[in-house]
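Read the structure below first, then the notes.
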Amino acid sequence: MLRAILFFFPVCITTALCASDPARDLHVVFAEHWEYTMERHPEYASRLGDRRYNDRWTDYSPEAFQRHHNQDKIFLRRVLVIDRSRLTTADKLNYDLFVKETEVDIEEFSYRTYLLPLSHRGGIQTFDDLANSLRFSTVKDYTDWITRLEAMPALMDQTIAIMREGIGSGMLHPKVLMRRVPKQIDKQIVAAPEESPFFKPFKSFHTSIPPEEQERLKEKAAAAISGSVIPAFSRFKLFFVEEYLTASLDEVGIWQLPKGEALYQFRARRFTTTELTPDEIHNIGLREVARIRKEMEAVKKRSGFDGSLKEFFTYLRTDPEFYYETPEELLNAYRALTRRIDPLMVNLFKTLPRMPYGVMPIPENIAPDTTTAYYSRPAADGSRAGRFFINLYKPETRPKWAMMALSLHEAVPGHHLQISLAMEQGDMPNFRRYGGYTAFVEGWGLYAEFLGEEVGLYENPYDKFGQLTYEMWRALRLVVDTGLHSFKWERRRAIDYFLENTPKSELDITNEIDRYLAWPGQALAYKIGELKFKELRRLCARTLGGAFDVRDYHDALMRSGAVPLDIAEREIKAWLDTQSAP
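FYI, in our numbering the residues of the sequence shown are 2 to 583.
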């Protein structure tokens with residue numbers, strides 16, 4: 002068993018046999034920590050392609066969270082006693098990152114954020130989506146999913162209990178977000194088990210499953226959904242509407258929560274990987290908004306539009322020429338667009354990922370409440386490619402001029418390229434290959450949008466304006482996220498500020514604002530990361546002069562995977578020292 006491995010330290014028979022080897026000791030901790038992480042987060046393990054825990058859910062009991070917190074402290078102590086000075090340069094970086102991540106996890110526990118197990122963007126009410134990341138090719142794959150369905154009542158009990166603790170301690174989301182959740186729960190309370198989203202894996206079977214076995218599995222799944230899943234969600238709906246929604250907060254902003262001000266400062270540090278304060282971040286945002294508005298004015302003029310920037314926004318939001326009529330047209334257009342991007346990546350990188358990606362629609366049951374697009378990483382075992390998910394809900398609100406920048410961000414050279422390259426770095430420990438830092442990952446995604454201009458992908462003023470719109474979006478986040486959570490802005494003020502500065506639709510803007518309310522601090526990472534990557538690029542160009550090759554810079558930035566921004570800077574400066582100046 003895992004715990005026996007974690008806590009058994011054999012007595013040395015001879016000093017020679019047990020001579021300290023810092024590198025070995027360090028990687029033993031890494032391996033044990035990874036195994037513990039997979040057991041602790043079985044859904045994460047499943048998404049990565051580790052099928053050992055496919056028959057269980059995460060333990061959401063308060064005792065489990067305390068146990069994990071205690072184990073984090075044990076892992077940290079075991080690393081801190083290792084003599085860092087005796088490690089290689091690569092292992093010193095591994096050591097530093099592990100210590101930093103674990104210290105942050107330990108600090109977060111004190112804020113009890115685990116008492117918020119769901120939001121309108123996800124939680125137990127959307128757990129059926131996990132099936133979309135699983136491989137169903139054997140009878141065991143299907144029976145594991147059925148075991149998870151049968152365990153739904155116990156998981157629901159834990160979720161309700163921890164949410165009740167959240168009510169008692171004041172750890173709650175705003176009502177304006179929670180009002181979205183009952184409709185999501187309703188989609189799980191179906192008249193027939195075959196209509197349940199959890200039944201999806203049983204609507205088509207792998208060819209290796211005999212017909213009689215298919216019928217048996219269907220019957221077991223239907224029985225589990227009827228007897229366990231639907232009753233659990235019916236009970237959850239009653240609790241949610243009568244207790245949780247009623248107790249949810251009338252105002253918005255994390256400042257209302259226990260230790261709210263300190264919690265937001267912590268989350269700002271965690272997501273940006275900097276020591277910037279909310280005030281400093283807010284002011285960076287104001288400066289960036291002003292700069293980007295000037296660029297928008299120039300592009301508007303280039304387009305030939307005769308009117309104010311506000312009128313140009315209205316034109317871009319409302320003119321039918323900028324929108325597809327059907328979801329199918331929108332999806333096909335995205336797929337065609339990404340095929341234009343892929344061949345150009347050799348102009349920007351010397352090393353490209355081996356793993357492919359696909360363009361998929363966001364599931365219909367969550368599309369109305371989620372953002373325009375998102376990316377899902379490949380399976381670690383290579384059984385599933387990367388996936389660029391597109392929101393096809395209300396295509397009349399999804400402008401053509403935003404598509405190029407969005408594709409560059411979510412697919413290549415953005416998330417798919419960066420995440421896949423990190424996963425393919427076999428010499429890195431797993432916590433780095435499959436982990437990451439939002440400031441790096443999302444900062445890179447925003448920087449990737451900027452790269453589209455360098456390979457000629459913004460072919461007209463409207464596409465370029467789309468890129469500026471998305472850059473403005475990330476600059477506005479610095480102002481709005483800090484405004485909501487630190488300066489106590491009202492939600493309507495945040496929406497109006499967006500409307501004044503971008504041509505995005507009010508539907509998109511409202512969903513974004515509500516995302517910031519549910520995920521305080523996360524939205525700060527994009528612009529802060531992008532600014533750092535541009536700063537480091539300028540440093541390399543100045544230092545190397547005519548010898549500067551952007552492909553070398555990108556490869557140097559990618560070789561360590563996603564790291565905190567200060568470490569990215571340290572790594573780039575070390576790489577620069579190895580290059581010959583002209």
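All C-beta atoms, glycine included, are put in the ideal place defined by N, C-alpha and C.
Query                                                                                                                                                                                       : Result
Please give me, in chain order, every unbroken run of the alpha helix (DSSP H) with length at least 4 that falls completely inside the segment 134-175.                                     : 140-151 and 153-170
Should the segment 136-151 be regarded as contacting the segment 195-204, the criterion being three or more beta carbon pairs within less than 8 Å?                                         : yes
Is Met356 helix, strand or coil by DSSP?                                                                                                                                                    : coil
Taking Cβ positions, are Met361 and Arg318 nearer each other than 7 Å?                                                                                                                      : no
Count the other CB atoms within 10 Å of the CB of Val182; is the residue buried (16 or more) or exposed (fewer)?                                                                            : buried
Have a look at Lys574 and Lys101 and give me their C-alpha separation to the nearest angstrom.                                                                                              : 21 Å
Rounded to the nearest angstrom, what separates Pro1 and Tyr96 at their Cα positions?                                                                                                       : The first residue shown for the chain is 2 and the last is 583, placing residue 1 beyond what the model contains.
Given a cut-off of 7 Å, decide if Pro259 and Gly171 are closer than it, judged by their beta-carbon atoms.                                                                                  : yes
Relative to the C-alpha of Arg270, which residue among Gln67, Arg560, His555 and Gly530 is closest?                                                                                         : Gly530
Can you list, in chain order, the residues of its chain whose CB lies under 8 Å from that of Glu109, leaving out five sequence neighbours each side?                                        : Phe267 and Arg271
Please state whether DSSP places Met361 in a helix, a strand or coil.                                                                                                                       : strand
Throw me the rounded Cβ distance for the Val442 and His416 pair, which I believe falls under 8 Å.                                                                                           : 7 Å
Whole angstroms are fine: how far does the CA of Thr371 sit from the CA of His121?                                                                                                          : 9 Å
Does DSSP put Gly387 in a helix, in a strand, or in coil?                                                                                                                                   : strand
Express the C-alpha separation of Cys541 and Leu613 in angstroms, rounding to a whole number.                                                                                               : Missing from the structure shown is residue 613; the chain here goes from 2 to 583 and no further.
According to DSSP, is Gly484 part of a helix, a strand, or is it coil?                                                                                                                      : helix
Could you tell me the alpha carbon to alpha carbon distance between Val564 and Arg434, rounded to whole angstroms?                                                                          : 11 Å
Just to confirm before moving on: does the CB-CB distance between Ala519 and Leu178 stay below 7 Å?                                                                                         : yes
For Gly123, list the residues DSSP reports as bridge partners.                                                                                                                              : Ser120
When DSSP builds the beta bridges, which residues end up paired with Tyr375?                                                                                                                : Phe390
Can we count Glu244 as close to the ligand ATP, meaning its CB is less than 6 Å from some heavy atom?                                                                                       : The ligand ATP is absent from the structure shown, which contains no ligands of any kind.
What's the gap between the Cα of Val551 and the Cα of Thr274?                                                                                                                               : 25 Å
Are the segment 219-228 and the segment 239-250 in contact at 8 Å, needing three or more beta carbon pairs?                                                                                 : no
For His70, which option in Asp84, Arg87 and Tyr112 has the closest C-alpha, if you only look at C-alpha atoms?                                                                              : Tyr112
Leaving aside the five residues before and after Phe314 along the sequence, list all residues of the same chain whose C-beta is less than 6 Å from its C-beta, in chain order.              : Pro504
According to the Cβ coordinates, are Leu331 and Arg399 closer than 7 Å?                                                                                                                     : yes
Looking at C-beta atoms only, is the number of pairs between the segment 233-247 and the segment 159-166 that lie closer than 8 Å three or more?                                            : yes
Would you call Leu566 buried or exposed, if buried means 16 or more other Cβ atoms sit within 10 Å of its Cβ?                                                                               : buried
Identify, in the order they occur along the chain, each residue of the same chain with its Cβ nearer than 6 Å to the Cβ of Glu513, setting aside the five sequence neighbours on each side. : none
Alpha carbon to alpha carbon, how far is Phe488 from Leu500? Give it in angstroms, no decimals.                                                                                             : 19 Å
Alpha carbon to alpha carbon, how far is Ile367 from Thr127?                                                                                                                                : 8 Å
Kindly indicate the opening and closing residues of the alpha helix (DSSP H) around Thr398.                                                                                                 : Where Thr398 is concerned, there is no enclosing alpha helix (DSSP H), given that its DSSP letter is neither H nor E.
For Leu27, which of helix, strand or coil comes out of DSSP?                                                                                                                                : helix
Should Pro521 and Ile255 be called a contact, given that it needs their Cβ atoms to be closer than 7 Å?                                                                                     : yes
What is the DSSP secondary structure of Leu349, counted as helix, strand or coil?                                                                                                           : coil
If distances are taken between C-alpha atoms only, which option among Gln189, Tyr471 and Trp490 comes closest to Met153?                                                                    : Gln189
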